[in-house]
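Number of protein chains: 2
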Amino acid sequence: MMKVLLIIADGLGDRPSPVLGGKTPLEAAIKPNIDYLAKNGITGLIDPIAPGIIPGSDTSHLTYLGYDAYKYYTGRGPFEALGSGLKLEPGDIAFRANFATVDGNNIVRDRRAGRIRSGTDLLAKSLNMKIEDTDIFFKEGIEHRAALVLRGEGLSPEVSDNDPHEENVAVPKVVPLSKKGEKTARILNEFYDRSRKILNEHEVNREKREKSMPEANAILFRGGGVVPELPNFEIKHGIKGGYIAAVSLVAGICRLAGMKNFTPSGVTGSTDTNVVAKLKAAVEGLKEVDFILVNIKGTDIAGHDGNGMKKKEFIEKIDRAIGEVLMNEKDSLVIAFTGDHSTPASLKEHSSDPVPIFIHYKGSRRDGIENFNEMSVRGGTLRLRGNDLMNLLLSSANMAEKFGA
Amino acid sequence: MMKVLLIIADGLGDRPSPVLGGKTPLEAAIKPNIDYLAKNGITGLIDPIAPGIIPGSDTSHLTYLGYDAYKYYTGRGPFEALGSGLKLEPGDIAFRANFATVDGNNIVRDRRAGRIRSGTDLLAKSLNMKIEDTDIFFKEGIEHRAALVLRGEGLSPEVSDNDPHEENVAVPKVVPLSKKGEKTARILNEFYDRSRKILNEHEVNREKREKSMPEANAILFRGGGVVPELPNFEIKHGIKGGYIAAVSLVAGICRLAGMKNFTPSGVTGSTDTNVVAKLKAAVEGLKEVDFILVNIKGTDIAGHDGNGMKKKEFIEKIDRAIGEVLMNEKDSLVIAFTGDHSTPASLKEHSSDPVPIFIHYKGSRRDGIENFNEMSVRGGTLRLRGNDLMNLLLSSANMAEKFGA
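Chains A and B are the protein sequences, given in the same order. Just add 18 to wherever you are in the first sequence, counting from 1, and you've got the numbering used here. Just add 18 to wherever you are in the second sequence, counting from 1, and you've got the numbering used here.
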């Protein structure tokens, strides 16, 4: 039995980039350690969900960990709330929320409160409260965005939005969409009224009034869903799992799966992160658990920025960290390296292009691929869908059971 | 967002052909335009249904358009009737039918009326009628083959055949196989009796009697099924779809899906068709809709004829048309080229061999395949099943929604 290190370079896959002479960032990057492991391991392409399906980081990480995304992905409300860093529990009801500006007649004047950029942390803090037996958590995100979470008995996402999705109309009351939603609707309407009052009197908004800036004086919410109960990772797979992720969304999913957090302090979810620290923490963590997922976000950030050069350079940074931390461990670990989806710099968005993957372990088959990239691995041993991955990692590590005799 | 042109060269895939020096028609064909698009796009193999399943044109086109063939393919009756050119509606009950010869005691003497070759159009016309509230449509096919369609309230395919499937036995009465089939059985028996009379007195049969040829004096029918209600293409995929197809079966499926017909006049379903006119009509149609399927039948005809050379030459004809019409459009369209199945000339029938495919669009990955054929694309980016295709085309065109965030 070996232990498994799954390194997910977020958004790794790409398309030919003009600034890289028509090469993809992976093709152009100087990455001797990654290429060594790929050459001496097995390689291929992976469709995180299925060909043609554009994955989110949430649906792909769920799938990679062995959870059917079509069953456990319960919508943007709960998964964006996970991404806010709130420590959610199964059964919580979560919404995407906006700070908005309404007038004295409760008419929406700006759904984004002037794309407010400061003070939302203070405003959000003031909105945590208890209504009836229900705890309400509110957490700011980027600009006007936020997450609203209800935790209590007898709650349901079967309620209407209070976000009218347009401006110059009144904020509607929340109504239950079924008998189940009655309590939730009542609590949400009470939350709205109380939050109006709290926000109106808040220091942050008082300053905005003085400066004649749009006030963040109302909360609009939409896309409610229930935080899913993921079957426990250890019970499901028979091994202890851990994770290292600076990105709240990925961390939140791993936490819901009952995996242990080994994320070292000081890492970020961007290109300035300390990859060496992450990989060292992973090697250390694997003394305690059998499997660790390491998410490295910088590749995705560079892709969303449309910066193929930065993505190439960040891949080189990952490679140096692999060289420094993992090359001495390569004979005792199963090391898998892939992305959760492609984020082509030319698109600045996720795409359905399949993602290259290598799996290296002592004694494995060797595909002999010289340069690990989207094109070279096409003829490799592996042609996977995301839901194959855990099975393959477990069997590579001799931790899987035979199906039959 | 780009628009999508899906070119289906019917029966495109093949096997090594002795008359082509052991090459497949695709391998042997001189096709610089197809090869250019393949080289600069992504390539691979597609199993229209699944490996080892021999597709019909009906089941593969259903699948490619995103409809589960195991759900919507309701049998040979309705789909052969679609192929007859009858404009069917969801809920119609359709049968495969034969012109047959019976004697005075209603004993089948020839199930195929001597493989009758002429006059069936006139005979068929005489059999359109109304019984009770039910409209009956009858359309001749090739030789003795025909389609019988019932349109009315309270009909069901749950009835027995009147085709005894052997000769020198009596034509049985149709019996209902369930309560639901009672009305249909009654109407079919009435149709049989009336058609016997009409055919007996028909000029065409009078001439046959004079020449002592077998008369087409009875209709045997079998394989009844209901014409399925396909979910509307535009509602299903969120885009407007059109089609160009000289083949009634393909046109009928697209029509049932609510797609718009852009088929130019004068095209045929054979190797003498005007491919340039089809592709020009497609480019023109894409000003109006987002997606057009073009079916080009000649490749399949040549395969069924066992004529690998003719298939190669027809592929070259398609290539010239692509060169003339599409090479100026290639940066603004997603161009996909594949077959709905393989029809190896050596088999003269469909086979389950996977079919090569390329997808070309500006900025795509490039597989660098030099000659587009069954063998060269094995190491390409794509390894698809038919039900992946629409998803992949939509995501290639940036018309798909992300699954998750």
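For each residue, glycine too, the CB sits at the ideal point set by N, CA and C.
Taken atom to atom, the span from the alpha-carbon of proline 34 of chain B to that of glutamate 367 of chain B is near 15 Å.
The beta carbon of proline 374 of chain A does not come within 7 Å of any beta carbon belonging to chain B, so the residue lies off that interface. Rounded to whole angstroms, valine 293 of chain B and leucine 83 of chain B show a C-alpha spacing of 22 Å. Three or more beta-carbon pairs drawn from the stretch 281-297 of chain B and the stretch 309-320 of chain B are found closer than 8 Å, and the two stretches are therefore classed as touching.
From the beta-carbon of alanine 423 of chain B, the residues of chain A found nearer than 8 Å are Gly74, Ser75, Asp76, Arg94, Phe97, Glu98, Gly101, Leu267. Not flagged as an interface residue toward chain B: isoleucine 64 of chain A, since no C-beta distance is shorter than 7 Å. In the structure shown, proline 194 of chain B falls within a strand segment according to DSSP collapsed to helix, strand and coil. DSSP, read as helix, strand or coil, puts serine 75 of chain A in helix. Chain B has no Cβ within less than 7 Å of the Cβ of glycine 241 of chain A. Between leucine 23 of chain B and proline 69 of chain A, the gap from beta carbon to beta carbon reaches 7 Å or more. Taking 7 Å as the cut-off, the beta carbon of proline 108 of chain A is found closer than this to the beta carbon of glutamate 247 of chain A.
Restricting attention to alpha helix (DSSP H) runs no shorter than 4 residues, the stretch 312-395 of chain B encloses them at 316-322, 326-343, ordered along the chain. Approximately 16 Å separates the beta-carbon atoms of phenylalanine 113 of chain A and leucine 141 of chain A; this is outside 8 Å, ruling out the contact. For methionine 20 of chain B, the secondary structure class from DSSP, reduced to helix, strand or coil, is coil. The shortest CA-to-CA distance from asparagine 389 of chain B to any of B/Arg383, B/Gly398, B/Gly381 is the one to B/Gly398. The beta carbon of aspartate 28 of chain B is closer than 7 Å to those of Ser75, Asn313, Ile314, Lys315, Thr317, Asp318, Gly357, Asp358 in its chain, skipping five residues each way along the sequence. Residues of the stretch 34-47 of chain A with a C-beta less than 7 Å from any C-beta of chain B: Pro34, listed in chain order. In this structure, phenylalanine 332 of chain A lies away from glycine 259 of chain A, with their beta-carbon atoms at least 7 Å apart. Here phenylalanine 280 of chain B is near alanine 299 of chain B, since their CB atoms are less than 7 Å apart. Against chain B, the beta carbon of aspartate 28 of chain A has no neighbour under 7 Å; the closest one sits roughly 13 Å away. Neighbourhood of serine 213 of chain B in chain A, by CB distance below 7 Å: empty, with the nearest CB roughly 49 Å away.
Taking threonine 81 of chain B as the centre and dropping the five residues before and after it, the same chain places the C-beta of Pro66, Ile67, Ala87, Gly404, Asn405 closer than 7 Å to its C-beta, in chain order. Secondary structure remark: continuous beta strand (DSSP E) runs of at least 3 residues inside the stretch 229-284 of chain A, in chain order: 236-244, 259-263.
Nearest neighbour of glutamate 184 of chain A by Cα position, chosen from A/Arg129, A/Ile271, A/Glu252, turns out to be A/Arg129.
Pairing isoleucine 340 of chain A with isoleucine 60 of chain A, the inter-Cα distance amounts to about 17 Å.
DSSP, read as helix, strand or coil, puts aspartate 153 of chain B in strand. In this model, phenylalanine 209 of chain A and isoleucine 64 of chain B are separated by some 53 Å (Cα to Cα).
Phenylalanine 421 of chain B is bridged by DSSP to A/Pro73. With contacts defined as CB atoms closer than 7 Å, proline 194 of chain A and alanine 203 of chain A qualify as a contacting pair. Spanning the alpha carbons of proline 190 of chain B and histidine 162 of chain B requires a straight line of approximately 20 Å. Sorting A/Asp53, A/Arg127, A/Asn416, A/Gly40 by C-alpha distance to the C-alpha of glycine 386 of chain A places A/Asp53 at the top. For glycine 241 of chain B, same chain residues with a beta-carbon under 7 Å away, outside a window of 5 residues either side, are Gly93, Arg94, Gly95, Phe113, Arg114 in chain order. With distances taken between CA atoms, glutamate 158 of chain B lies nearest to B/Val167 out of B/Val167, B/Gly321, B/Ile71. Sixteen is the threshold: since fewer than 16 other Cβ atoms of the shown chains lie within 10 Å of the Cβ of asparagine 346 of chain B, the residue is exposed. Counting every other CB atom within 10 Å of its CB across the protein chains shown gives proline 50 of chain B a total below 16, marking it as exposed. Residues of the stretch 360-374 of chain A that bring their beta carbon within less than 7 Å of a beta carbon in chain B comprise Ser364, His368, Ser369, Ser370, Asp371, Pro372, in sequence order.
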